[in-house]
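*Asks:* The structure follows.
Chains as they are written, first to last, in the numbering used here: chain A, 2 to 342; chain B, 2 to 342.
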């Protein structure tokens, strides 16, 4: 204990902290608690309740001068709806907490709510409650989201199996490209604007998630929020037999790993053109950049052939630890809000 | 719209902002959304799901140097569990979001979690998820809580009726007295320490709420977080026929009001002794101070006689608008996080 008290949160890292919280709060029997996109709570009705929550802090997740409030409202709801999509569930309701500086003009909040309402309406999600309070300076936001799925249908991160194909919906790296364009104040042609829109106005893959969860042979699933470099690691760690403490048996197979074919990562034409023009590394944006809110999933080759959801096969789960990034030009890293500080 | 965009949030106030959010996000049929202690979501199983969320910001709700992290952890969970108690529900799970400065020592968070775990265990509530992220400076916390109750059993703020008695559990003003003692750095004898403990380590009235909700004739209920001056107003406003937009009929009776007998407000012996010694106004602390987390409820006189929950009758709901504070020495006000800034 002595050593940890001397550690700072930067040393421990976001996932170290989550691990410590998880140790302290084991989930009750039959409930999926900390460590996936959502908690899964079985109900008497044969439906499971899905719950997730996300916090956005001014100065960490957004800069007030850079993001129009409409877009922040949209994104705040979108990233939470995406967590339900990531389980293959139907989002039903959100709860919004806002802490606002007293001198913030009311118009800012009106615009925020307009964006929040537009995406909520689009996905049929009700805002059912929340908290409004004052902040001394920075805007702080928290959204909690509820969803549901048939009993046992939620796709957990822990379900990846040896030989599964690794797949993604949509394209990767657009959001990271948009963020890079904002930070580097790049001239905004139509392509750059498209990437910025993808960054600010993500569309969660709810319909795709529902269809994937209804397909036998689709195993692990999550949404891509930190970048596949980091997110795939979460699937592998969660799917490790070492994580299966409930069985009490020694692991029968080693830690699972994956081989990812970097040249096959789906890149949008807009991202490819912007990267070619500005000399950016598209593959690095696709692997290391986050906030795509596409679905990353693993499935059997048979299931993959029958899928009616647009997707790209990017690799395979294998029986060797670690991720092999075949065709990568450099090291691949994900995003950690603590380590990046 | 022009005028509101020029308003600051201080002008609009916390409850003005909630009203605007509520207008924009009407609850679906059969669901209780924004405006009560919790949302009430009917399930297919014949149970209702209760949800609430609360945000705590360093500098608005607490000062890091004043509150030990164990107590902050306890209180963060307690105020949310109290929202479930306020509906007469059974709390089942919480979701904790924390944004932490990078230089915060890990020991702070360990202590916070120890307090959070201790009260969670006491009430059998699981921590099932959350979010951990970085904050540039201030600690930001958000807790979302889930609970349940039999279908239709939740006690809403809107159920007060003419002739109901107004009752409270426990004693009022201890928490406000404890806060005043902290802020004024009063010498800590056993009585002062007892008030400070009530401020930092509130015990939500879960068992009492469950029993009250199971008692026919118990109508409106809420927990006392802003002080009864403010909280009773919420019950009266919510119980106004003008608020009943679902019927579409003109209101049959005028806005309900209440008469509160200030000398009958329950005051703890510790608060009475501290107030006598330091010349504080105990009644003002009991009416205007918040964070008692006792239950404020209305019920028929018949129901009151049969109640097996310790309580005090402090007044009556009447057919005249406004609150008459009988025996009050001065004006009575509640707490508004925006207006107090």
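Backbone N, C-alpha and C define an ideal beta-carbon position, used for all residues, glycine too.
Quantities reported herein were computed from a predicted structural model and do not represent experimental measurements.
1. Alpha carbon to alpha carbon, how far is residue 176 (chain A) from residue 284 (chain B)?
2. By DSSP, does residue 183 (chain B) sit in helix, in strand, or in coil?
3. Quick check: residue 220 (chain B) and residue 162 (chain B), are their CB atoms within less than 8 Å of each other?
4. Output the boundary residues of the alpha helix (DSSP H) element that contains residue 272 (chain B).
5. With distances taken between CB atoms, is the gap from residue 95 (chain A) to residue 144 (chain A) smaller than 8 Å?
6. Taking only three categories from DSSP, how would you classify residue 53 (chain A)?
7. Residues in its own chain within less than 6 Å of residue 306 (chain B) by CB, not counting five upstream and five downstream?
8. Check this for me: beta carbons of residue 178 (chain A) and residue 228 (chain A), under 8 Å apart or not?
9. Rounded to whole angstroms, what's the CA-CA distance from residue 272 (chain A) to residue 133 (chain B)? Just pull it up for me.
10. Could you name each continuous beta strand (DSSP E) segment of 3 residues or more that falls completely within the region 99-182 of chain A, going from the start of the chain to the end?
11. From the beta carbon of residue 339 (chain B), is the nearest beta carbon of chain A less than 8 Å away?
12. Does DSSP put residue 228 (chain A) in a helix, a strand or coil?
13. Please identify the residue among A:242, A:287, A:187, A:318 whose C-alpha is closest to the C-alpha of residue 264 (chain A).
14. Hey, how far is the Cα of residue 149 (chain B) from the Cα of residue 71 (chain A)?
15. On the CB-based measure, 16 or more other CB atoms within 10 Å of its CB, does residue 324 (chain B) come out buried or exposed?
16. Between residue 158 (chain A) and residue 214 (chain A), which are expected to be in contact by the criterion C-beta below 8 Å, what is the C-beta distance as a whole number of angstroms?
17. Residue 48 (chain A) CB to nearest chain B CB: under 8 Å?
18. Just list the residues that DSSP pairs residue 262 (chain A) with in beta bridges.
19. Would you mind working out which of A:319, A:210, A:300, A:169 sits nearest residue 241 (chain A), comparing C-alpha positions?
20. Distance check for residue 174 (chain A) and residue 268 (chain A), CA to CA, integer angstroms please.
21. Taking 8 Å as the CB-CB limit, is residue 61 (chain B) close to chain A?
22. Based on the DSSP output, what are the partners of residue 313 (chain A) in its beta bridges?
23. For residue 58 (chain A) versus residue 46 (chain B), is the C-beta spacing smaller than 8 Å?
24. At least one CB of chain A closer than 8 Å to the CB of residue 52 (chain B): is that the case?
25. Between which residues of its own chain and residue 314 (chain B) is the CB-CB distance below 6 Å, once the five residues before and five after are set aside?
26. For a contact defined as C-beta to C-beta under 8 Å, what are the partners of residue 40 (chain B) on chain A?
27. At what residues does the beta strand (DSSP E) containing residue 41 (chain A) begin and finish?
28. Ends of the beta strand (DSSP E) at residue 61 (chain B)?
29. Could you check whether residue 84 (chain B) and residue 212 (chain B) sit closer than 8 Å to each other, using their CB atoms as the reference points?
30. With distance defined between alpha-carbon atoms, name the residue in A:147, A:139, A:101, A:141 nearest to residue 121 (chain A).
31. Please list the residues of the region 139-152 of chain B that have a C-beta atom closer than 8 Å to any C-beta atom in chain A, keeping them in chain order.
*Replies:* Here's the rundown:
1. For the purposes of this step, residue 176 (chain A) is taken as residue 175 along the first chain, with counting starting at 1. For the purposes of this step, residue 284 (chain B) is taken as residue 283 along the second chain, with counting starting at 1. Each residue's Cα considered, the two are about 57 Å apart.
2. For the purposes of this step, residue 183 (chain B) is identified with residue 182 of the second chain, where counting begins at 1. DSSP places residue 183 (chain B) in helix when its eight states are reduced to three.
3. Position 219 of the second chain, counted from the start, is the residue given in the question as residue 220 (chain B). Position 161 of the second chain, counted from the start, is the residue given in the question as residue 162 (chain B). The answer is yes: Cβ separation under 8 Å.
4. On the second chain, residue 272 (chain B) is found 271 positions in, with the first residue counted as 1. Run containing residue 272 (chain B): 270-279, per the alpha helix (DSSP H) assignment.
5. By 1-based counting over the first chain, the position of residue 95 (chain A) is 94. By 1-based counting over the first chain, the position of residue 144 (chain A) is 143. Yes.
6. On the first chain, residue 53 (chain A) is found 52 positions in, with the first residue counted as 1. Of the three classes helix, strand and coil, the one that applies to residue 53 (chain A) here is strand, per DSSP.
7. If you number the second chain from 1, residue 306 (chain B) lands on position 305. Once the five neighbours on either side are set aside, residue 306 (chain B) has no close Cβ partner at all.
8. Working through the first chain from its first residue, we reach residue 178 (chain A) at position 177. Working through the first chain from its first residue, we reach residue 228 (chain A) at position 227. Against a cut-off of 8 Å, the Cβ pair of residue 228 (chain A) and residue 178 (chain A) comes out as no contact.
9. Mapped onto the first chain, residue 272 (chain A) falls at position 271. Mapped onto the second chain, residue 133 (chain B) falls at position 132. Whole-angstrom Cα-Cα distance: 30 Å.
10. 127-136, 141-151, 166-169
11. Translated into the one-based positions of the second chain, residue 339 (chain B) becomes position 338. Interpretation of residue 339 (chain B) is limited by its pLDDT of 40, a score under 50 that renders its predicted location unreliable; the figure taken from the coordinates is listed afterwards. Interface residue, yes.
12. For the purposes of this step, residue 228 (chain A) is taken as residue 227 along the first chain, with counting starting at 1. Coil, per DSSP.
13. As a first step, residue 264 (chain A) is located in the first chain; it is residue number 263 there, counting from the start. Residue 264 (chain A) has its Cα closest to that of A:287, out of A:242, A:287, A:187, A:318.
14. Taking the first residue of the second chain as 1, we reach residue 149 (chain B) at position 148. Taking the first residue of the first chain as 1, we reach residue 71 (chain A) at position 70. Their Cα atoms are separated by approximately 34 Å.
15. Numbered from its first residue, the second chain carries residue 324 (chain B) at position 323. Burial call: buried.
16. Taking the first chain and counting its residues from 1, the one referred to as residue 158 (chain A) is at position 157. Taking the first chain and counting its residues from 1, the one referred to as residue 214 (chain A) is at position 213. At roughly 13 Å, the Cβ-Cβ gap does not stay under 8 Å, so residue 158 (chain A) and residue 214 (chain A) are not in contact.
17. Within the first chain, numbered from 1, the residue matching residue 48 (chain A) stands at position 47. Chain B, which has a Cβ nearer than 8 Å to the Cβ of residue 48 (chain A), makes this yes.
18. For the purposes of this step, residue 262 (chain A) is taken as the residue at position 261 of the first chain. Per DSSP, A:327.
19. Locating residue 241 (chain A) in the first chain gives position 240, where the first residue counts as 1. For the residues A:319, A:210, A:300, A:169, the minimum Cα distance to residue 241 (chain A) belongs to A:319.
20. Locating residue 268 (chain A) in the first chain gives position 267, counting from the first residue. Locating residue 174 (chain A) in the first chain gives position 173, counting from the first residue. Whole-angstrom Cα-Cα distance: 7 Å.
21. One-based indexing of the second chain puts residue 61 (chain B) at position 60. Yes, residue 61 (chain B) counts as interfacial toward chain A.
22. Counted from its first residue, the first chain places residue 313 (chain A) at position 312. In the DSSP output, where bridge partners are listed per residue, residue 313 (chain A) has A:169.
23. Position 57 of the first chain, counted from the first residue, corresponds to residue 58 (chain A). Position 45 of the second chain, counted from the first residue, corresponds to residue 46 (chain B). No, Cβ-Cβ distance for residue 58 (chain A) and residue 46 (chain B) is not below 8 Å.
24. Counted from its first residue, the second chain places residue 52 (chain B) at position 51. Judged by the 8 Å Cβ criterion, residue 52 (chain B) is in contact with chain A.
25. Here residue 314 (chain B) is taken as the residue at index 313 of the second chain, counted from 1. Answer for residue 314 (chain B): 166, 168, listed in chain order.
26. Position 39 of the second chain, counted from the start, is the residue given in the question as residue 40 (chain B). Going along chain A in sequence order, the residues near residue 40 (chain B) (Cβ under 8 Å) are 94, 96, 129, 130.
27. In the first chain, residue 41 (chain A) corresponds to position 40, counting from 1. 40-43 is the span of the beta strand (DSSP E), which, as asked, contains residue 41 (chain A).
28. Here residue 61 (chain B) refers to the residue found at position 60 when the second chain is read from its first residue. Looking at the DSSP string, residue 61 (chain B) is not in any beta strand (DSSP E), and its letter there is neither H nor E.
29. Numbered from its first residue, the second chain carries residue 212 (chain B) at position 211. Numbered from its first residue, the second chain carries residue 84 (chain B) at position 83. No, they are not a contact pair.
30. Here residue 121 (chain A) refers to the residue found at position 120 when the first chain is read from its first residue. Ranking A:147, A:139, A:101, A:141 by Cα distance to residue 121 (chain A) puts A:147 first.
31. 139, 141, 143, 145, 147
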